């Protein structure tokens, strides 16, 4: 059996010129852009991002070796560091005069370790003596110092999704000081200490940026620390320790045991690379007192990638050759791992690392845990539906307890989304009436499998399976209805129709009667109409339908139509009088049916009733022209004589 790869590189990588004696390559973690700088920029700078919209090509003066180069958000301002003391700025603002300026760090004897853009016109210098927060003023062609903080810095790390910079301080480097940036403000967050496995003596730098990564997982910022252990029989070679950084405090959140080396975050999954292992911090054993996570799936390598040969040496019939990856950069993103790699050719490639969900289905046998895993992933709806179909149609039915567990997990997410939609609707209506600003519609952050999805892709085809016991099919359908009722979701009538269809096909009328009698199948007009259609097969269905329509109390017209369709004219008239609607009914409709019965006395009784109604309402027994009863008046005269017509009473 071939190995199932659940990780793959994206189909369309960003291709760039490889590093050489005349070409330097830089990566911007915020904009996900690769810079290829030739001859210090004099012979060209090519910037490529995840799509063509972020691609830029330009030239700049060669003022020395480029140490760092990054665009601000939106590619409006370019920052270039060539010396340890200053950063140069070049304007790329559309329809704006070209300008350049340079800014030195304010702290004396400080060296710039790097810089980070936090907005299109806000930038942070990180030096070995602290950080400096600047605002770029295009009109004045200068920078304004907004705030600075003095602290000894060993190295830094930046999370562009949350605009948080992490500084390594102290001699050992294990005290981390976070700073948050938002709307022109810099906030100092509580510092925290990374627990080192061994404390060196004398003190020296023992924690480097290679051991640390930052990632946003499930909307929370985490610092991930790769903790190495000595090789013993009772401990893993390494573990990844997660520290959560909420506002106000920092706490050790979880430990991930692994024997591998590099880490990333993709689709809210922690990835441990070489042999890739997936961890999900939302999944944990319920009886585990310690917050220690084990791999969700067995280790697998990344799906092999082949690069087609290009250039003069390429042969049209030559197959693509395998690409041996030499990782140059590793960036940690909430959506994917971005790798800039060097191939055996003259070009470099940047891929997004993607999670393939279909292979995970066969690797995770516990269907409940599989649902928990899939429900938290993007683009998982069709995979979840295929799992449900496989669970019911395949050889591993798993029994009703497993089916019930899966349905409950799906419908719980379904219910949460419906409640969010309802809250949004109520808030919008109340806000509109008060003149409040519009609210944002809730986003489906998790997969929502609604009733139409389940009916179309799973239950409809499952109910037609000939090689499956009808009792099991009915039990599954009722289990899904039970799960919907449990979370107070109104069951759609087409699900009840599936149940009734199965019961009728196998002559289980006693069960149908019980389901209706004890309201297992909820009342609805479509369901009542379906019962009416079953009258020829199951005669009591007619009365069951009428009882259901009467319980609805909003189906009086339907009940009258049902009775008239069976030529029960007097019954229809009695019913409509009992609900007080006889003054508004159509006389012609009742007279038509009464005449069709060929019962002259019945026609006489109905005709006389409407004459009396006309007399009571209008003072005359005659029918109005708009009622279109002329032919019935003529027929009445022919059968009973004109003298039988009710005379108008004069006072």
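In the numbering used here, the protein residues as written are 134 to 784. Where a beta carbon is used, it is the ideal one built from N, C-alpha and C, also for glycine. Since the structure is predicted, the reported quantities are computational estimates derived from the model, not experimental observations.
Let me check understanding here. Comparing Cα to Cα, which of 235, 748, 737 and 144 lies closest to residue 777?
Translated into the one-based positions of the chain shown, residue 777 becomes position 644. Of the candidates 235, 748, 737 and 144, the one whose C-alpha sits nearest the C-alpha of residue 777 is 737.
What is the DSSP secondary structure of residue 318, counted as helix, strand or coil?
Numbered from 1 along the chain shown, position 185 holds the residue referred to as residue 318. Looking at residue 318 - three-state DSSP - the assignment turns out to be strand.
Applying the criterion that 16 or more other CB atoms from any shown protein chain within 10 Å of the CB defines a buried residue, is residue 690 buried or exposed?
The residue you call residue 690 lines up with position 557 of the chain shown. Classification for residue 690: exposed.
Applying the criterion that 16 or more other CB atoms from any shown protein chain within 10 Å of the CB defines a buried residue, is residue 445 buried or exposed?
Along the chain shown, one-based indexing puts residue 445 at 312. Low confidence applies to residue 445: its pLDDT is 43, below 50, so where it sits in the model is not reliable enough to give any reading.
Residues bridged to residue 583 by DSSP?
Locating residue 583 in the chain shown gives position 450, counting from the first residue. The partner list for residue 583 (beta bridge, DSSP) is empty, contrary to what the question assumes.
Whole angstroms are fine: how far does the CA of residue 557 sit from the CA of residue 173?
Here residue 173 is taken as the residue at index 40 of the chain shown, counted from 1. Here residue 557 is taken as the residue at index 424 of the chain shown, counted from 1. Those two C-alpha atoms are separated by around 54 Å.
Excluding sequence positions up to five away, which residues of its chain have a Cβ less than 6 Å from the Cβ of residue 730?
Working through the chain shown from its first residue, we reach residue 730 at position 597. 700.
Are the region 263-275 and the region 325-345 in contact at 8 Å, needing three or more beta carbon pairs?
Touching, no, given that fewer than three Cβ pairs across the two stretches are closer than 8 Å.
According to DSSP, residue 311 sits in a beta bridge with which residue or residues?
Along the chain shown, one-based indexing puts residue 311 at 178. 299.
Where does residue 169 sit, in a helix, a strand or coil, going by DSSP?
The residue you call residue 169 lines up with position 36 of the chain shown. In this structure, residue 169 counts as strand in the three-state DSSP scheme.
Taking 8 Å as the threshold (beta carbon to beta carbon), is residue 340 in contact with chain D?
You won't find chain D in this structure, because it holds only one protein chain.
How many angstroms separate the CA atom of residue 102 from the CA atom of residue 487?
Because the chain here runs from 134 to 784, residue 102 falls outside it and cannot be looked at.
Residue 223 and residue 211 - do their beta-carbons sit closer together than 8 Å?
Translated into the one-based positions of the chain shown, residue 211 becomes position 78. Translated into the one-based positions of the chain shown, residue 223 becomes position 90. The answer is yes: Cβ separation under 8 Å.
Can you look up residue 174 in the DSSP assignment and give me helix, strand or coil?
Here residue 174 corresponds to residue number 41 of the chain shown, with the count starting at 1. Looking at residue 174 - three-state DSSP - the assignment turns out to be helix.
For residue 253, which residues does DSSP report across the bridge?
Along the chain shown, read from residue 1 onward, the residue named residue 253 stands at position 120. DSSP, once it has assigned bridges, lists no residue as partnering residue 253.
Just verifying my parser: in three-state terms, what is the DSSP assignment at residue 219?
As a first step, residue 219 is located in the chain shown; it is residue number 86 there, counting from the start. It is a strand residue.
Just to confirm, is the Cβ distance from residue 661 to residue 686 under 8 Å?
Sequence index remark: in the chain shown, residue 661 carries index 528 (1-based). Sequence index remark: in the chain shown, residue 686 carries index 553 (1-based). The answer is no: Cβ separation not under 8 Å.
What number of angstroms, rounded off, separates the C-alpha of residue 599 from the C-alpha of residue 498?
Residue numbering aside, residue 599 sits at position 466 when the chain shown is read from its first letter. Residue numbering aside, residue 498 sits at position 365 when the chain shown is read from its first letter. Taking the straight line from one Cα to the other gives about 26 Å.
Does the pairing of the region 744-751 with the region 705-712 give three or more beta-carbon distances under 8 Å?
No: the two stretches stay apart, fewer than three of their Cβ pairs being nearer than 8 Å.
Can you tell me which of 521, 288 and 311 puts its alpha carbon nearest to the alpha carbon of residue 609?
Stepping through the chain shown from its first residue, residue 609 is reached at position 476. The shortest Cα separation from residue 609 among 521, 288 and 311 belongs to 521.
Give me the residue from 356, 639, 506 and 284 with the minimum Cα distance to residue 607.
As a working mapping, residue 607 is identified with position 474 in the chain shown. Nearest C-alpha to residue 607: 639.
Report buried or exposed for residue 287, applying the criterion of at least 16 other Cβ atoms within 10 angstroms of its Cβ.
By 1-based counting over the chain shown, the position of residue 287 is 154. That one is buried.
For residue 229, count the other beta carbons within 10 Å of its own beta carbon; 16 or more makes it buried, fewer makes it exposed. Which is it?
For the purposes of this step, residue 229 is taken as the residue at position 96 of the chain shown. By the neighbour-count rule (16 or more Cβ atoms within 10 Å), residue 229 is not buried but exposed.
For the putative contact between residue 170 and residue 160, defined by C-beta atoms under 8 Å, what is the C-beta separation to the nearest angstrom?
Reading the chain shown from its first residue, position 37 is the one you call residue 170. Reading the chain shown from its first residue, position 27 is the one you call residue 160. No, residue 170 and residue 160 are not in contact; Cβ-Cβ is about 12 Å, not under 8 Å.
Give me the Cα-Cα distance between residue 495 and residue 139, rounded to the nearest whole angstrom.
Position 362 of the chain shown holds residue 495. Position 6 of the chain shown holds residue 139. Whole-angstrom Cα-Cα distance: 11 Å.
Could you tell me which residues DSSP pairs with residue 358 in its beta bridges?
Position 225 of the chain shown, counted from the first residue, corresponds to residue 358. Its beta-bridge partners are 345 and 374.
Just the C-alpha distance for residue 474 and residue 152, rounded to the nearest angstrom, thanks.
The count along the chain shown starts at 1 and reaches residue 474 at position 341. The count along the chain shown starts at 1 and reaches residue 152 at position 19. A caution first: residue 474 carries a pLDDT of 47, below 50, which makes its placement in the model too unreliable to give a value.
Let me know the secondary structure DSSP gives residue 656 once reduced to three states.
Translated into the one-based positions of the chain shown, residue 656 becomes position 523. Of the three classes helix, strand and coil, the one that applies to residue 656 here is coil, per DSSP.
Just list the beta strand (DSSP E) runs in the region 233-286, keeping only unbroken ones of 3 residues or longer that don't cross its boundaries, in chain order.
As far as the region 233-286 is concerned, its whole beta strand (DSSP E) runs of at least 3 residues are 233-237, 245-252, 255-260, 263-270 and 275-283.
Tell me the rounded alpha-carbon separation between residue 205 and residue 251.
Along the chain shown, one-based indexing puts residue 205 at 72. Along the chain shown, one-based indexing puts residue 251 at 118. About 8 Å.
Please return the same chain residues whose Cβ sits closer than 6 Å to the Cβ of residue 740, not counting the five positions on each side in sequence.
Along the chain shown, one-based indexing puts residue 740 at 607. Closer than 6 Å at the Cβ level, and outside the excluded window around residue 740, lie 769.
For residue 765 and residue 673, what's the separation of their Cα atoms in angstroms?
Here residue 765 refers to the residue found at position 632 when the chain shown is read from its first residue. Here residue 673 refers to the residue found at position 540 when the chain shown is read from its first residue. Rounded to whole angstroms, residue 765 to residue 673 spans 34 Å at the Cα level.
Exposed or buried, which one is residue 165 when buried takes at least 16 other CB atoms within 10 Å?
As a working note, residue 165 is residue 32 in the chain shown. Its Cβ being crowded by 16 or more others within 10 Å, residue 165 is buried.
With distance defined between alpha-carbon atoms, name the residue in 354, 732, 659 and 594 nearest to residue 414.
Numbered from 1 along the chain shown, position 281 holds the residue referred to as residue 414. Among 354, 732, 659 and 594, the Cα nearest to that of residue 414 is on 354.
With a 10 Å radius around its C-beta and 16 neighbouring C-beta atoms as the bar for buried, classify residue 734 as buried or exposed.
Stepping through the chain shown from its first residue, residue 734 is reached at position 601. The residue is exposed, with fewer than 16 neighbouring Cβ atoms inside 10 Å.
Taking the Cβ atom as the reference point for each residue, do residue 633 and residue 665 lie within a distance shorter than 8 Å?
As a first step, residue 633 must be located in the chain shown, where it is residue number 500. As a first step, residue 665 must be located in the chain shown, where it is residue number 532. Not closer than 8 Å, so no.
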